[in-house]
Amino acid sequence: MNTQYQTGATQVTATLAGYNFGFLDEQTKRMLRRAILKAVAIPGYQVPFGSREMPLPYGWGTGGMQVTAAVIGAKDVLKVIDQGADDTTNAVSIRRFFVRMTNVATTEKTREATLIQTRHRVPETPLSEGQILVYQVPIPEPLRWLEPRETETRKMHALSEYGVMHVKLYEDIAQHGHISTAYDYPVLVNGRYLMRCSPIPKFDTPKLHMNAALQLFGAGREKRIYAVPPYTEVKPLDFEDHPFEIERWPEDCALCGAHDSFLDEVILDDKGGRMFVCSDTDYCGERREAGHTGRMSAPYKDEAAE
Amino acid sequence: MNLDQTPLLSVETLNKSFGRQMACRDVSFELWPGEVLGIVGESGSGKSTLLNAIAGRLTVDSGKVLYRAGDDRIVDLASASEAQRRHLMRTEWGFVQQHARDGLRMTFSAGANIGERLMALGDKHYGTLRDTALDWLQAVEIAPERIDDLPRTFSGGMQQRLQIARNLVTRPRIVLMDEPTGGLDVSVQARLLDLIRRLVQEHNVACIVVTHDLGVARLLAHRLMVMRRGQVVEAGLTDQLLDDPQHAYTQLLVSSVLSV
Chain A
797 MNTQYQTGAT
807 QVTATLAGYN
817 FGFLDEQTKR
827 MLRRAILKAV
837 AIPGYQVPFG
847 SREMPLPYGW
857 GTGGMQVTAA
867 VIGAKDVLKV
877 IDQGADDTTN
887 AVSIRRFFVR
897 MTNVATTEKT
907 REATLIQTRH
917 RVPETPLSEG
927 QILVYQVPIP
937 EPLRWLEPRE
947 TETRKMHALS
957 EYGVMHVKLY
967 EDIAQHGHIS
977 TAYDYPVLVN
987 GRYLMRCSPI
997 PKFDTPKLHM
1007 NAALQLFGAG
1017 REKRIYAVPP
1027 YTEVKPLDFE
1037 DHPFEIERWP
1047 EDCALCGAHD
1057 SFLDEVILDD
1067 KGGRMFVCSD
1077 TDYCGERREA
1087 GHTGRMSAPY
1097 KDEAAE
Chain B
44 MNLDQTPLLS
54 VETLNKSFGR
64 QMACRDVSFE
74 LWPGEVLGIV
84 GESGSGKSTL
94 LNAIAGRLTV
104 DSGKVLYRAG
114 DDRIVDLASA
124 SEAQRRHLMR
134 TEWGFVQQHA
144 RDGLRMTFSA
154 GANIGERLMA
164 LGDKHYGTLR
174 DTALDWLQAV
184 EIAPERIDDL
194 PRTFSGGMQQ
204 RLQIARNLVT
214 RPRIVLMDEP
224 TGGLDVSVQA
234 RLLDLIRRLV
244 QEHNVACIVV
254 THDLGVARLL
264 AHRLMVMRRG
274 QVVEAGLTDQ
284 LLDDPQHAYT
294 QLLVSSVLSV
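Here's what the structure looks like:
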């Protein structure tokens, strides 16, 4: 059932009877949009919102889904990724959910998507203007493990008292010899707010900087929305003598030969055999289609025939 | 000693009550650069409340806490903005808690504890932070190889010394101490008092030391204030006050000290 409030819809789309376009009712979507607008206006600032119950548990992407539901229109092309892959459980079920609730077109191609909901990765293919990237955030507060009191962390944000975050990085170096924080790396947005960029590997952190796309972050359980508008400065915290560095791998992708993408290590046997493959399945597939090969790749045609 | 003509801190008719309970009544005093002021009195006499009120941890009912900041501006801490007050507390002030675990970050190493205030002020060089931490560990007589150990593994006396190092690292102008030797055994107390005396002299910091131990007061303080039921009943030079107490309550305090 679609109502006359529906925005951007050109034709009446056939979604499940009894449900509004995008699952949430229009008042809720307006509330979410107000929070998103505020978040865009104050980059990196966590805007509280009235998080709704979604038909899946907290921690599975309820925050990201509410943000997606608030911004999705009938003409959008949706891509959902989980750990870089389009075909994992979380990605498949969230994509299916939005197809049933909005009937929008979906894609696995980063370039074709207008709206991308992601968990734990930023696509390797650079995003362009007009695209929206929605992150699922478990814990939005970067200072949470350093200061348990919410009243205090808000005060620290208000007064830009971020020294304690460096204490954590100092501790990393003291214990491990290098900054060992590998994911959810703390960043300073627009020179003002300290932000958690959700549990993406620190490999992806530089991609947030001056990105052409609008990046929205939704935390359902913690009831916070924050945003990085297009072309916003995002600076990872570091020390002068221990600058921010991203991960490196001993090998290239075994399937497509990429040396510039985030690689997953796959154990092959119990004799120490292993391979490294792109975590971004779309990126890897695109490269293989273009004829790139890696150490262990069969010719692309053969693989498709299997 | 600094021979400035204006006091570093002057407290004017400070009042603080908790409901009907007056914790501080019309307390006024001045603190001069490099001076150590002791506040003594029995439990519940308002010593700690006074200290917390001066530090801006409690809002006062009335009165002024005028502080002459590093740039010679006079700031009324009782009415200053929270941002300004917190900034001063991190830079020009120090607060040594009675229980070291309230003043330390127990989940971070000794080095990180010492470096925290510097990092908060924008020091972003790991090497220099570490060198500073090592210097300060030495200054408070903690073995340098313990720099990466958690304060949890330290003895009570060491924790207290670490807390002092953590506060002094930004070279504050005023350090407030709430029973710095409470809960430590006598020989450790003596060493800590020695250390505090030396550091206060070396760095020319002004101190307000709250204690119920007249021995500690006699060793550390140049000047004493005796509090009872939220009021200052007597104030004066430490030796004078302890050797020739005028107020009946001070006489009682002095006569109740056990001599071995």
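In order, the protein sequence lines correspond to chains A and B. In terms of this note's numbering, the first sequence opens at residue 797 and continues consecutively. In terms of this note's numbering, the second sequence opens at residue 44 and continues consecutively. Where is the CB? At the ideal position from N, CA and C, for every residue including glycine. Predicted, not measured: the structure shown is a model, and the values here were computed from it.
Backbone secondary structure at residue i - three-state DSSP
i: B/Arg63; result: coil
i: B/Thr196; result: helix
i: B/Gln274; result: strand
i: A/Phe893; result: helix
i: A/Met1006; result: coil
i: A/Met827; result: helix
i: B/Gly279; result: strand
i: B/Met268; result: strand
i: B/Arg68; result: strand
i: B/Gln206; result: helix
i: A/Thr902; result: strand
i: B/Leu284; result: helix
i: B/Gln232; result: helix
i: A/Lys1067; result: coil
i: B/Asp174; result: helix
i: A/Arg773; result: The structure shown has nothing for residue 773 of chain A, since chain A only spans 797 to 1102.
i: B/Ala182; result: helix
i: A/Leu1051; result: coil
i: B/Thr56; result: strand
i: A/Thr803; result: Only weak support is given to the placement of A/Thr803: the predicted model assigns it a pLDDT of 47, under 50, and the value that follows is read from those uncertain coordinates. DSSP places A/Thr803 in coil when its eight states are reduced to three.
i: A/Gln1011; result: strand
i: A/Asp1060; result: strand
i: A/Pro1046; result: coil
i: B/Glu73; result: strand
i: A/Ala881; result: strand
i: A/Val843; result: strand
i: B/His246; result: helix
Limits of the alpha helix (DSSP H) - the one that residue i falls within
i: B/Leu257; result: 257-263
i: A/Glu946; result: 946-954
i: A/Tyr1079; result: 1077-1085
i: A/Met861; result: 858-867
i: B/Gln294; result: 291-298
i: B/Leu94; result: 90-97
Sub-8 angstroms separation of residue i and residue j beta-carbons
i: A/Arg896; j: A/Leu874; result: no
i: B/Asn210; j: B/Phe138; result: yes
i: B/Ile22; j: B/Leu219; result: Only positions 44 to 303 of chain B appear in this structure, which leaves residue 22 of chain B out of reach.
i: A/Asp1078; j: A/Lys905; result: yes
i: B/Arg111; j: B/Leu74; result: no
i: B/Leu285; j: B/Arg266; result: no
i: B/Gln140; j: B/Gln206; result: yes
i: A/Val876; j: A/Ile832; result: no
i: A/Ser994; j: A/Cys1052; result: no
i: A/Pro853; j: A/Tyr989; result: no
i: B/Leu94; j: B/Asp221; result: yes
i: A/Phe887; j: A/Gly818; result: Reading off the sequence shown, one finds Ala at residue 887 of chain A, where the question assumed Phe. Cβ atoms of A/Ala887 and A/Gly818: not closer than 8 angstroms.
i: B/Gly158; j: A/Val960; result: no
i: A/Met1006; j: A/Glu1041; result: no
Endpoints, beta strand (DSSP E) assigned at residue i
i: A/Thr914; result: 911-915
i: A/Ile969; result: Segment 959-972 is the alpha helix (DSSP H) holding A/Ile969; no beta strand (DSSP E) there.
i: B/Asp221; result: 217-221
i: A/Ala1023; result: 1020-1024
i: A/Phe1072; result: 1070-1074
i: B/Gly81; result: 79-83
i: A/Gln932; result: 928-932
i: B/Ala249; result: 249-253
i: A/Val876; result: 873-878
i: A/Val776; result: Past the edges of chain A, shown from 797 to 1102, lies residue 776 of chain A, and the structure says nothing about it.
i: A/Pro982; result: 982-985
i: A/Pro1032; result: 1030-1032
Exercise for the section: Please list the segments of the alpha helix (DSSP H) lying wholly inside the stretch 101-171 of chain B, counting only runs of 4 or more residues, in order along the chain. Expected result: 125-134, 143-146, 153-163
Practice task
Could you run through the stretch 153-174 of chain B and flag, in chain order, every residue whose CB is less than 9 angstroms away from some CB of chain A?
Solution key: Gly154, Ala155, Asn156, Gly158, Glu159, Arg160, Leu161, Met162, Ala163, Leu164, Gly165, Asp166, Lys167, His168, Tyr169, Gly170, Thr171, Leu172, Arg173
Handout entry: Residues within the stretch 1008-1031 of chain A neighbouring chain B, beta-carbon criterion of under 9 angstroms
Key = none
Handout entry: Interface positions of the stretch 120-141 of chain B facing chain A (Cβ-Cβ less than 7 angstroms), listed along the chain
Key = Ala126, Arg129
Practice task
Note down, in chain order, all residues in the stretch 904-917 of chain A with a beta-carbon under 8 angstroms from any beta-carbon belonging to chain B.
Solution key: none
Exercise for the section: Residues of the stretch 937-966 of chain A with a CB closer than 7 angstroms to any CB of chain B: list them in chain order, please. Expected result: Leu955, Glu957, Gly959, Val960, His962, Val963, Tyr966
Practice task
For the stretch 1033-1056 of chain A, enumerate the residues whose C-beta is nearer than 9 angstroms to any C-beta of chain B, in chain order.
Solution key: Leu1033, Asp1034, Phe1035, Glu1036, Asp1037, His1038
Exercise for the section: Residues of the stretch 857-888 of chain A with a CB closer than 8 angstroms to any CB of chain B: list them in chain order, please. Expected result: none
Handout entry: Cβ-based contacts, 9 angstroms cut-off: residues of the stretch 181-201 of chain B near chain A
Key = Ile190, Asp191
Practice task
Anything in the stretch 833-859 of chain A with a Cβ closer than 8 angstroms to a Cβ of chain B? List those residues in chain order, please.
Solution key: none
Handout entry: Against chain B: residues of the stretch 967-979 of chain A by CB proximity under 8 angstroms
Key = Glu967, Ile969, Ala970, Gln971
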